[in-house]
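Notes follow once the structure below has been shown.
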Amino acid sequence: MLIPVPAVLEARPGDPVGLPADVECTRTDGAAESYRLEIGASGVAFSAADAAGEARGRATLRQLGTTSTPLLIEDAPKYPWRGLMLDVARHFFGVDDVLRLIDLAALYKLNVFHVHLTDDQGWRIEVPGWPKLTTIGAETQVGGGAGGFFTAADYQRIVDHAARHSITVIPEVDVPGHVNAALRAYPELWGKDAPEPFTTWSSPGHSLDVRSEVVHRFLADVIRALPGEYVHLGGDEVEGLSHDDYVQFMWDACSLVVEHGKRPIVWEEAGVAKLPPGTIVQHWSDAKPARAAAEQGLPLIMSPAPHTYLDQKYDETTELGLTWAGAVDVRDAYEWDPEAVIDGAQVLGVEAALWSETTETREHVDSMVFPRLLATAEVGWSGRRGWEDFRARLGAHGAFLEGLGVPFHRSTQIEWS
Ligand code: TNX
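By the UniProt record's numbering, the letter at position 213 of the sequence shown is numbered 213, and the numbering carries on one by one without gaps.
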């Protein structure tokens, strides 16, 4: 829930996005992530069903900025999956930038941080036994600049930090396409000469040699290197593979994730393949394979590009961003129903995605993520409460974002206070 904030916010020097820890919270029975907050003359009564509920309640307290206005909030999420994806492959963002973004996501009750770790332009995560993935595979990014990568310790810091907000980190390693960086490091993964670095947008369209033994060994080592309950295997925009090879590979790769005791996630393209039960499918653009996934009984994460793609321009005057999904202004990010996107889908939740072809700095990221992420957050937590209502609350919320030092995009759809 996005709460209207008072005009004057308490300054919290040294802790610009920290959540208040000074109000005590007790545990009660209730739905996952639920909490109850009662502010009265005699003080604050705060209870939550679990640690996540406590974190969501503290986010509300932080947005309120005061414990002196009487109120009663009984709150629980509509969907169990409310995510933000950051692409660190097209342009690399370091640990500090990532931790800060997670702090901001926590303020809006998100509970998933999905990090797109590999793509044509760079491989950004250390994998034991495959050192060239990061020495060679990480050295470029879009525009040709130096890339970067997370060591295992860096990545663990991100996971631990997110866990303190009851946010789950989802690592994505994109296979069998979008692999140019990995092929440069280990050409045996496609059985040809090492390709040239790829430092522009789009994709050279290369694919792993999915029938080779080395690819399966590689995948197992990658899956083992990634901590957590989930592995996102990508599976999007694959070129140069037969349909049969593609569907067989997606089945094998997802099964390998299951064998490692983890739950696979894939982009919607893989919905045309038979996938292990429990695999989560992420819709972004094409209803047909997403529907095929739903028909298999698999749960879906909704990231429809015209509503959740944070890399798209707000309007034709926006400097950064792509346009293939049309302009995505705040109203587009807010006015959509996750249940109405794919017929018959079991909707796990929503996720906004920042692809980073055009975003290079923290300021770039902030201006694309905010305020649109707040719309996705509310669609996922409260369900829609009406555009005019949201619009008014968001307008009053501008000062809050400003107080956090977030250079958000001042969409002309909003009357900013
Ligand atoms: C499509 S969404 C992609 C990404 C691009 C994005 C740009 C998806 C699964 N694939 O590789 O970065 O469009 O908007």
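Ideal Cβ placement from N, Cα and C applies to all residues, glycine included.
Any idea what DSSP makes of A11, helix, strand or coil? Translated into positions along the sequence shown, residue 11 becomes position 11. Residue placement at A11 cannot be trusted, given a pLDDT of 36 that sits under 50; what the coordinates show is reported in the next sentence. Coil at A11, not helix or strand.
Taking a contact to mean a Cβ-Cβ separation below 8 angstroms, would you say P80 touches A49 in this structure? By 1-based counting over the sequence shown, the position of residue 80 is 80. By 1-based counting over the sequence shown, the position of residue 49 is 49. Contact flag unset, no.
If we ignore side chains and look at the alpha-carbon of each, how far apart do L189 and F249 end up? Along the sequence shown, one-based indexing puts residue 189 at 189. Along the sequence shown, one-based indexing puts residue 249 at 249. Going by the C-alpha atoms only, they are around 14 angstroms apart.
DSSP bridge partner residues for I280 (one or two, in chain order): If you number the sequence shown from 1, residue 280 lands on position 280. Per DSSP, I265.
Member of R90, R100, V112 whose CA lies at the smallest distance from the CA of L84: For the purposes of this step, residue 84 is identified with residue 84 of the sequence shown, where counting begins at 1. The candidate whose alpha carbon is nearest that of L84 is V112.
Kindly give me the distance between the Cβ atoms of K288 and W251, rounded to whole angstroms, as I take these residues to be in contact under 8 angstroms. Counted from its first residue, the sequence shown places residue 288 at position 288. Counted from its first residue, the sequence shown places residue 251 at position 251. That pair is no contact at about 19 angstroms.
Answer yes or no: do D245 and D174 have a C-beta to C-beta separation smaller than 8 angstroms? Numbered from its first residue, the sequence shown carries residue 245 at position 245. Numbered from its first residue, the sequence shown carries residue 174 at position 174. The answer is no: Cβ separation not under 8 angstroms.
Using three-state DSSP, classify D351 as helix, strand or coil. Counting from one through the sequence shown, the residue named residue 351 turns up at place 351. Looking at the sequence provided, one finds Glu at residue 351 rather than Asp. Of the three classes helix, strand and coil, the one that applies to E351 here is strand, per DSSP.
Taking C-beta to C-beta, are V281 and V266 nearer than 8 angstroms? As a working mapping, residue 281 is identified with position 281 in the sequence shown. As a working mapping, residue 266 is identified with position 266 in the sequence shown. Yes, they are a contact pair.
So V184 packs on P176, CB below 8 angstroms; how close in whole Å? As a first step, residue 184 is located in the sequence shown; it is residue number 184 there, counting from the start. As a first step, residue 176 is located in the sequence shown; it is residue number 176 there, counting from the start. The residue you asked about is not Val; residue 184 is Arg in the sequence shown. With 8 angstroms as the limit, R184 and P176 do not qualify as a contact, their Cβ atoms being about 16 angstroms apart.
When you compare each of Y314, K132, E269, D29 to H243 by their alpha carbons, which one comes out closest? Taking the sequence shown and counting its residues from 1, one reaches residue 243 at position 243. Closest by alpha carbon: E269.
Three-state secondary structure assigned by DSSP to F390: For the purposes of this step, residue 390 is identified with residue 390 of the sequence shown, where counting begins at 1. Residue state, collapsed to three classes: helix.
Going by DSSP, which residues form a beta bridge with Q413? On the sequence shown, position 413 is the one that residue 413 refers to. Partner(s): none; Q413 has no beta bridge.
Please classify G255: does DSSP put it in a helix, a strand, or coil? In the sequence shown, residue 255 corresponds to position 255, counting from 1. A small correction: the amino acid at residue 255 is Ser; Gly does not occupy that position in the sequence shown. Three-state DSSP puts S255 in a helix.
Helix, strand or coil at H397 [DSSP, three-state]: Counted from its first residue, the sequence shown places residue 397 at position 397. In this structure, H397 counts as helix in the three-state DSSP scheme.
Nearest neighbour of G349, chosen from R372, D75, W381, T358 [CA to CA]: On the sequence shown, residue 349 is found 349 positions in, with the first residue counted as 1. Of R372, D75, W381, T358, the residue nearest in Cα terms is W381.
Return yes when at least one heavy atom of the ligand ATP lies under 7 angstroms from the C-beta of E360, else no. The ligand ATP is not part of the structure shown, which contains the ligand TNX as its ligands.
Measuring straight from C-alpha to C-alpha, what distance separates P6 and L354? Taking the first residue of the sequence shown as 1, we reach residue 6 at position 6. Taking the first residue of the sequence shown as 1, we reach residue 354 at position 354. Reliability of the predicted coordinates at P6 is poor, the pLDDT of 36 falling under 50, and the value obtained from them is presented with this limitation in mind. The alpha-carbon atoms of P6 and L354 are separated by roughly 30 angstroms.
Can you give the Cα-Cα distance for E74 and Y35, rounded to whole angstroms? Indexing the sequence shown from 1 puts residue 74 at position 74. Indexing the sequence shown from 1 puts residue 35 at position 35. Rounded to the nearest angstrom, the two C-alpha atoms are 6 angstroms apart.
How about W284: is its Cβ closer than 7 angstroms to a heavy atom in the ligand TNX? Here residue 284 is taken as the residue at index 284 of the sequence shown, counted from 1. Result yes, Cβ under 7 angstroms from the ligand TNX.
Identify the residues that DSSP records as bridge partners of Y309: which are they? Numbered from its first residue, the sequence shown carries residue 309 at position 309. DSSP output for Y309 lists A353 as bridge partner(s).
What whole-angstrom Cβ distance do E335 and W387 have, given they're in contact under 8 angstroms? Looking up residue 335 in the sequence shown gives position 335. Looking up residue 387 in the sequence shown gives position 387. Indeed they touch by this definition, with Cβ atoms about 6 angstroms apart.
Does the beta-carbon distance from T140 to P197 come in below 8 angstroms? Along the sequence shown, read from residue 1 onward, the residue named residue 140 stands at position 140. Along the sequence shown, read from residue 1 onward, the residue named residue 197 stands at position 197. Cβ atoms of T140 and P197: closer than 8 angstroms.
Touch check for the segment 391–398 and the segment 116–127: three-plus C-beta pairs under 8 angstroms? no
Measuring straight from C-alpha to C-alpha, what distance separates A399 and V215? Stepping through the sequence shown from its first residue, residue 399 is reached at position 399. Stepping through the sequence shown from its first residue, residue 215 is reached at position 215. The alpha-carbon atoms of A399 and V215 are separated by roughly 51 angstroms.
Kindly give me the distance between the Cβ atoms of A377 and Y108, rounded to whole angstroms, as I take these residues to be in contact under 8 angstroms. What you label residue 377 is simply residue 377 of the sequence shown in a count that begins at 1. What you label residue 108 is simply residue 108 of the sequence shown in a count that begins at 1. Indeed they touch by this definition, with Cβ atoms about 4 angstroms apart.
Identified DSSP bridge partners for D75: Taking the first residue of the sequence shown as 1, we reach residue 75 at position 75. Paired residues: Y35.
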